[in-house]
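Data first, discussion second: the structure below is written as structure tokens.
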């Protein structure tokens, strides 16, 4: 009967691993951030563990035989498995079973298989609390096991994409911001496609490996423009993306609270976003920023050092001044002034 419990547990573990993998993927497969997220959100199994503990305690008191306890554990795991889908986080980014996600998932699942066999060998229902609780940590173990291979693989992909960009030399436009970057990217891509073949990073792809994949698989000699959305996941992250895809132009849309827990202060967010501006300035290219970001020291310091920075907003001294904007049945109409 204990090994039947193990089989049911593996079904439970499979479904719960997918839930945690979704979160792990959004945390960029960073085990430290993932574990901190779990602690912050108290994302540990409580209901199934409490039920198993009670069952085990009652069996230790000899109130019923072991096989009844095993059946009760099976029922608890089945119910938890059926409810698992409702626990998955609602996010604009669904779980994508990429090759890397699979490389982490299956070693994690195999490690849980070993834990399940050990729990079945111990035979007492109360020991099933341990496998239930270690499910999320199995992902960190799976990532650790595959890290050496992953690093070699990612380095190869990074070098291939970087070399291809340097060889084909499209005009690269980097776009970042706490919000608005994806919309800006698609709008600008639509405009530039009218002028010449343009490649944009699709959807909300904005990480090193996501960008490298698009460059490796889709960038072609006929592309004149490459629009690259750059996501910030901590200080230095934009600078790394700029080393991968050196930008000729830069656009910074906004500074806000997105991913605030990773940066702690909005000033740190601003400093990270302006890593893009610094990279563009080194190549002598123009940087476009929203007027609102000038409330941050990093933005003001950059503009003071680079007075040719293009500021967009409603103030009279903005290079691109928005005089007024209205929305009606035919769309959005705006009056703007370019350098007066």
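Residue numbers (the working numbering): 12 to 351.
All C-beta atoms in this analysis are idealised placements derived from N, C-alpha and C, irrespective of residue type, glycine included.
- Residue environment: residue 335 is assigned as exposed (fewer than 16 neighbouring CB atoms within 10 Å of its CB, all protein chains considered).
- For the 8 Å CB-CB criterion, residue 187 and residue 263 form a contact.
- In this structure, residue 21 places its C-beta atom within 8 Å of the C-beta atom of residue 127.
- With contacts defined as CB atoms closer than 8 Å, residue 319 and residue 297 qualify as a contacting pair.
- The region 33-52 and the region 130-145 do not touch, with fewer than three beta-carbon pairs separated by less than 8 Å.
- Taking 8 Å as the cut-off, the beta carbon of residue 255 is found no closer than this to the beta carbon of residue 208.
- If you look at residue 162, you'll find it isn't in any beta strand (DSSP E); it sits in the alpha helix (DSSP H) that goes 140-179.
- Collapsing the DSSP output to three states places residue 217 in coil.
- Across the set 118, 341, 344 and 330, the C-alpha of 330 shows the shortest separation from the C-alpha of residue 351.
- DSSP, read as helix, strand or coil, puts residue 94 in coil.
- With fewer than 16 other beta carbons inside 10 angstroms of its own, residue 341 counts as exposed.
- The C-beta distance from residue 324 to residue 344 rounds to 18 Å, too long to fall under 8 Å, and the pair is not in contact.
- Under the 8 Å Cβ criterion, the region 169-183 does not count as touching the region 54-62, having fewer than three qualifying pairs.
- Taking the Cα positions, residue 125 is about 39 Å away from residue 275.
- Two segments are said to touch when three or more pairs of C-beta atoms, one from each, lie closer than 8 Å; by this definition the region 157-166 does not touch the region 233-240.
- Apart from sequence neighbours up to five positions away, the residues of its chain that approach residue 299 with a beta-carbon distance below 6 Å are 262 and 321, ordered along the chain.
- Between the alpha carbons of residue 18 and residue 69 lies a distance of about 23 Å.
- Partner residues in the beta bridge of residue 331, as assigned by DSSP, are 323 and 349.
- Residue 210 is not a Cβ neighbour of residue 179, given a cutoff of 8 Å.
- Burial of residue 169 is indicated by the presence of at least 16 other C-beta atoms within 10 angstroms of its C-beta.
- Relative to the Cα of residue 123, the nearest Cα in the group 111, 109 and 139 belongs to 139.
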